Ligand code: SF4
């Protein structure tokens, strides 16, 4: 894991002082709310329906037990004993007092954490593959590159008042576990024919009201030009992105209206110019960062056999583990989706436990998944049963990864001031329905995602099944979408037809799964069947 | 008014609240980018957010003052304009005008601004604290500050 040196520490400490001063000036009335807003947003502080929400950055989703303990302590000390893990691998606290925010940031800084640029029209916290450094299929660990870009993007003087927010994801395998092409910039670390590492840049993806899949604008940027190329991408956007309409201000609109080719041409021009400016850190900086992400000391000669004598355990192990590059190990996934629970929520007690388990079983490392679950990346197969027993006892043993119970849901009308409809209760009703009927396992991989409004924080466009809350003459109404994917086969879901009320949407989801079950062929997932048979049979069953 | 060629715009020297230069303040008004490019004798120009700073590059040797207007502080195009001018070697005064506030001063300095004429004068103590706050920086920009990576690797 990356560790701050004295420079990094000084930067976050200075930020805490700066924000303390800004908060003071706000409370003294020297700053208007309009002037204060972007400042607090760039420190992760949103005003929600009932209170302030604080979003804490978990860079590329990686943290250690000390940090997880600190997050739990913050939940206890400043919130109501809970935290909420988000689709961008961060954590949010929903009941924060403005006066406390500087102290929370100071607590975070003590464990090398911060809330810098987790909101606002700036470059946001950078996300990555939750199996980085553990998966067998990557060409390199993507996190050193994400860390390099984290430093470059932090307090960037030119790009802190962009037309709109800006999200970057970095991956390093052909399997996309970070929805990379649905980001403002998606970077895939690749190896070229000469065997050198470099970066492919995909620019202009996103969800929201106009979902777009990012086109590749350059298939290979050498590693010693990475920052310069990113700077060029951002400068073209900062200068030419639309500022007349906030709904058209994301870079996806610029790339779309300008055309990917013309955007790429302008980036190349800016890039050529910036290469002359000497803004790129030397490769030595990457070499400095890389060892922090070196493999822990994996043991060799470990047994790879799973003791399946306990059927409940076997079920969990089959569902909630991912293959590891080292024999005898797996990555274990802790589901934060108990049936009927709030997706992504964890209590302080659970966070403390996850921290302890990480220390005991996973070389002191945890990851946050963008699907709002937690990964212990490096667990010995021989330890799995002991791990599972402790998870199970704490209500963290749901064997439902990638199933219809593993729902992504945004905060929706329970918290969010922009919402049209509630998301969380819909997620709860759906997981209860399928769990009660014992259908979950039979349905296999089925990614269901719910957003409480068109802003799509719940990624409904990218769900095999998506649900979008809309306002229909003052009543909450839900549209059903089918056929989205955020994986390497990225696709955008399509609306089935007229929306449903709260009870109706749960029935509609069930109807859609029945169409799947009666049409599927051997080995087909919901998404595969949908892609083969198309929308019509579903429409017929839903509206027929 | 901004469209009439030759109309004199801009801030006067006594509106400049902070200045990090030793030369004399340019005390005549600026003209729009369009009229500047048309006129051969103008030496001061004002950039609005939608203007292309690169249009000025062929004329840098005759410019003594560039004002960059921030009609609203949340429109960040002026930061790019400033850096583009500095990257091209412009050494004259670069003045931020308009809605210039305490909490944007440090980033403006980094992008190459060396004079500030805020619409509403700023609290001196708060402004001085803001200019002095960041001892280190992560990126190379237009202020000559050595980025942290440079300090790490020499
Ligand atoms: S999708 Fe809408 S309702 Fe949900 S969190 Fe985002 S803005 Fe709020």
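Residue numbers (our numbering), protein chains in the order written: chain A, -10 to 533; chain B, -12 to 141.
By construction, the Cβ of each residue, glycine as well, lies at the ideal position given by its N, Cα and C atoms.
Everything numeric in this text was worked out from a predicted model, so none of it was measured.
Residue i and residue j look like a contact to me (Cβ under 8 Å); what is the Cβ gap, rounded to whole Å?
i                      : j                      : result
residue 420 of chain A : residue 381 of chain A : Going by Cβ atoms, the distance from residue 420 of chain A to residue 381 of chain A rounds to 18 Å, so no, they are not a contact pair.
residue 66 of chain B  : residue 94 of chain B  : 7 Å
residue 117 of chain A : residue 158 of chain A : 6 Å
residue 291 of chain A : residue 217 of chain A : About 44 Å; that fails the 8 Å criterion.
residue 306 of chain A : residue 373 of chain A : 6 Å
residue 135 of chain A : residue 48 of chain A  : 7 Å
residue 538 of chain A : residue 143 of chain A : Only positions -10 to 533 of chain A appear in the structure, and residue 538 of chain A is not among them; the question remains open.
residue 83 of chain A  : residue 68 of chain A  : 7 Å
residue 86 of chain B  : residue 106 of chain B : 6 Å
residue 114 of chain A : residue 152 of chain A : Their Cβ separation, rounded to whole angstroms, is 19 Å, which puts residue 114 of chain A and residue 152 of chain A out of contact at 8 Å.
residue 52 of chain B  : residue 74 of chain B  : Rounded, the Cβ-Cβ distance is 18 Å, inconsistent with contact.
CB of residue i to nearest heavy atom of the ligand SF4: below 6 Å?
i                      : result
residue 34 of chain A  : no
residue 83 of chain A  : no
residue 332 of chain A : no
residue 482 of chain A : no
residue 444 of chain A : yes
residue 400 of chain A : yes
residue 440 of chain A : yes
What three-state label does DSSP hand residue i in the structure shown?
i                      : result
residue 222 of chain A : helix
residue 350 of chain A : helix
residue 127 of chain A : strand
residue 17 of chain B  : strand
residue -7 of chain A  : coil
residue 27 of chain A  : helix
residue 507 of chain A : helix
residue 53 of chain A  : strand
residue 123 of chain B : coil
residue 48 of chain A  : helix
residue 438 of chain A : strand
residue 247 of chain A : helix
residue 406 of chain A : coil
residue 170 of chain A : helix
residue 95 of chain B  : helix
residue 6 of chain B   : strand
residue 483 of chain A : strand
residue 103 of chain B : strand
residue 227 of chain A : helix
By Cβ distance, which residues of its chain are closer than 6 Å to residue i, with the 5 residues on each side in sequence left out?
i                      : result
residue 209 of chain A : 181, 187
residue 41 of chain A  : 34, 85, 87
residue 5 of chain A   : 94, 95, 98
residue 252 of chain A : 244
residue 460 of chain A : 409
residue 90 of chain A  : 34
residue -2 of chain B  : 84, 104
residue 530 of chain A : 500, 504
Return the chain-ordered list of same chain residues with a C-beta closer than 7 Å to the C-beta of residue i, the five sequence neighbours on each side being excluded.
i                      : result
residue 473 of chain A : 450, 451, 452, 453, 455, 480, 481, 482
residue 446 of chain A : 76, 399, 440
residue 42 of chain B  : 20, 24
residue 386 of chain A : 305, 377, 380
residue 71 of chain B  : 40, 41
residue 130 of chain B : 96, 97, 99
residue 423 of chain A : 393, 394, 429
residue 493 of chain A : none
residue 2 of chain A   : 98
residue 256 of chain A : 206, 221, 222, 225
Can you pull the chain D neighbours of residue i, defined as C-beta to C-beta under 7 Å?
i                      : result
residue 123 of chain B : Of the chains in the structure shown, none is chain D; the protein chains are A and B.
Is there at least one non-hydrogen atom of the ligand HEM closer than 6 Å to the beta-carbon of residue i?
i                      : result
residue 407 of chain A : The model depicted lacks the ligand HEM and carries the ligand SF4 instead.
Would you list the residues sitting across from residue i in a DSSP beta bridge?
i                      : result
residue 461 of chain A : A:464
residue 334 of chain A : A:73
residue 287 of chain A : Its beta-bridge partners do not exist; DSSP assigns none.
residue 532 of chain A : Residue 532 of chain A pairs with nothing; no bridge assigned.
residue 310 of chain A : A:321
residue 42 of chain A  : A:35
residue 355 of chain A : A:52
residue 489 of chain A : A:467
residue 56 of chain B  : B:84
Only counting the same chain, and skipping five residues up and downstream in sequence, which positions put a Cβ closer than 8 Å to that of residue i?
i                      : result
residue 383 of chain A : 338, 339, 342
residue 205 of chain A : 189, 190, 191
residue 464 of chain A : 490
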